[in-house]
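Heads up: the sequence shown at position 12 corresponds to 19 in this note's numbering, and the numbers run straight through without jumps.
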Amino acid sequence: MSGTPAFQDANPTSSLADSREIAHFNTLAATWWDPNGPMKPLHRINPVRLGHIKQDFASHFGREARAMKPFEGLRLLDIGCGAGLVAEPLAKMGFTVTGIDLAEENIAIARHHAEAQGIPVEYRASAIETLPLDAPFAAITLLEVVEHVPDVSAFVREAALRLKPGGMLIASTLNRTLKAYALAIVGAEYVLRWLPRGTHDWAKFVTPAELEAHMEAAGLVPQSRQGMVFNPLADAWRLSSDCDVNYFITATKPA
8 MSGTPAFQDA NPTSSLADSR EIAHFNTLAA TWWDPNGPMK PLHRINPVRL GHIKQDFASH
68 FGREARAMKP FEGLRLLDIG CGAGLVAEPL AKMGFTVTGI DLAEENIAIA RHHAEAQGIP
128 VEYRASAIET LPLDAPFAAI TLLEVVEHVP DVSAFVREAA LRLKPGGMLI ASTLNRTLKA
188 YALAIVGAEY VLRWLPRGTH DWAKFVTPAE LEAHMEAAGL VPQSRQGMVF NPLADAWRLS
248 SDCDVNYFIT ATKPA
């Protein structure tokens, strides 16, 4: 069970976070688990991104992806976990999961939901830079987070410090292209209203080359890029070689 965490900041703050972003997501906390609410896009992409994450981790750690709990014995840190849309499924896959988020309302919702489902996840209202360095994680997920932080390089560096040698980090974010502006902001926020207006700031979007450079500067070795696109005819998301809008980058830490 998630229970009371062993480590938690009181009124967590971070020099690596934007207080306006945190306040924004605090206001949305109660809607995280509503598949038709403001977080609907995350619910829609979740099966695709979880499948990709599972396959990459299974390949890296030599686990059988089709096993009931392929990642038993491995610790995972979900940075910017929100209310647990990814943390809970990863815990079901066998990972010992710690989820952190600076939006305290998100953490409260995450704990309540995990406890109600009987899923063991440790949630902390904590900044990444406050986590101890002497207990690194085998795996880290950094999903739809870096486009909300003011200093991506410092943020990735702090994440890399918490990754075990031989471990793997998977990040996903939005590319800084005109296509991403048209689809992720104009389309998703203003036309289709999939997301609340102001959810994204195009100037904070990060190109794959930039994110890989930040990873390398932090001592990580980028391994692969993978795009994710929406097919309006099928009304579904799928993996693609197209990284113009949504994309993943997988990186490892040398053993």
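The beta-carbon is built from N, C-alpha and C at its ideal position, and this holds for glycine as well.
Nonlocal neighbours in the same chain, by C-beta distance under 6 Å from residue i, ignoring five residues either side
i, result
"Ala142", "none"
"Arg183", "Phe212 and Thr214"
"Leu57", "Pro96"
"Arg164", "Ala225"
Same chain only: Cβ atoms within 7 Å of residue i, ignoring 5 sequence neighbours per side
i, result
"Gly266", "This structure gives no information on residue 266, because the portion of the chain shown stretches from 8 to 262."
"Ala110", "Ile29, Phe32, Asn33 and Ala36"
"Ala72", "Lys61, Gln62 and Ala65"
"Ala126", "In the sequence as displayed, the identity of residue 126 is Ile instead of Ala. Cβ within range, chain order: Glu95, Ala98 and Lys99."
"Gln230", "Thr257, Ala258 and Thr259"
"His59", "Gln233, Leu246 and Phe255"
"Tyr188", "Trp209"
"Ser248", "Gly234"
"Leu240", "none"
Residue j beta carbon less than 7 Å from that of residue i
i, j, result
"Tyr130", "Gly106", "yes"
"Met175", "Thr103", "no"
"Arg82", "Ala145", "yes"
"Phe255", "Gln233", "yes"
"Thr257", "Ile135", "no"
"Ile114", "Trp244", "no"
"Leu168", "Leu140", "yes"
Identified DSSP bridge partners for residue i
i, result
"Asp251", "The partner list for Asp251 (beta bridge, DSSP) is empty, contrary to what the question assumes."
"Val228", "Thr259"
"Asp85", "Gly106 and Thr148"
"Met75", "Paired residue(s): none; Met75 is not in a bridge."
"Leu246", "Met235"
Beta-carbon contacts of residue i that lie in its chain and below 8 Å, excluding the five residues immediately before and after
i, result
"Asp25", "His155, Val156 and Pro157"
"Pro261", "Pro172, Gly173, Gly226 and Val228"
"Lys186", "Asp251 and Val252"
"Arg70", "Phe64, Pro77 and Phe78"
"Asn238", "Trp244 and Arg245"
Residue i: first and last residue of the uninterrupted beta strand (DSSP E) it sits in
i, result
"Lys171", "Leu170 to Leu181"
"Ala146", "Phe144 to Leu150"
"Arg131", "Val128 to Arg131"
Any non-hydrogen atom of the ligand COA closer than 6 Å to residue i Cβ
i, result
"Trp244", "Absence of the ligand COA from the depicted structure is noted, as is the absence of any ligand whatsoever, leaving it without description."
Limits of the unbroken alpha helix (DSSP H) element including residue i
i, result
"Asn43", "Where Asn43 is concerned, there is no enclosing alpha helix (DSSP H), given that its DSSP letter is neither H nor E."
"Lys99", "Ala94 to Lys99"
"Ala37", "Taken as a continuous stretch (DSSP letters only), Ala37 belongs to no alpha helix (DSSP H), as it is neither H nor E."
"His155", "First-last for His155: undefined, no H or E at that position."
"Arg70", "Arg70 -> no alpha helix (DSSP H), and no H or E assigned at all."
"Glu136", "Premise fails: Glu136 is in no alpha helix (DSSP H) and is neither H nor E."
"Ala191", "Note, Ala191: premise wrong, no alpha helix (DSSP H); not H, not E."
"Ala115", "Glu111 to Gln124"
Touch test, the region 80–98 against the region 143–150, Cβ-Cβ under 8 Å, three pairs minimum: yes
Would you say the region 159–173 touches the region 219–234, given that touching needs at least three Cβ pairs under 8 Å? yes
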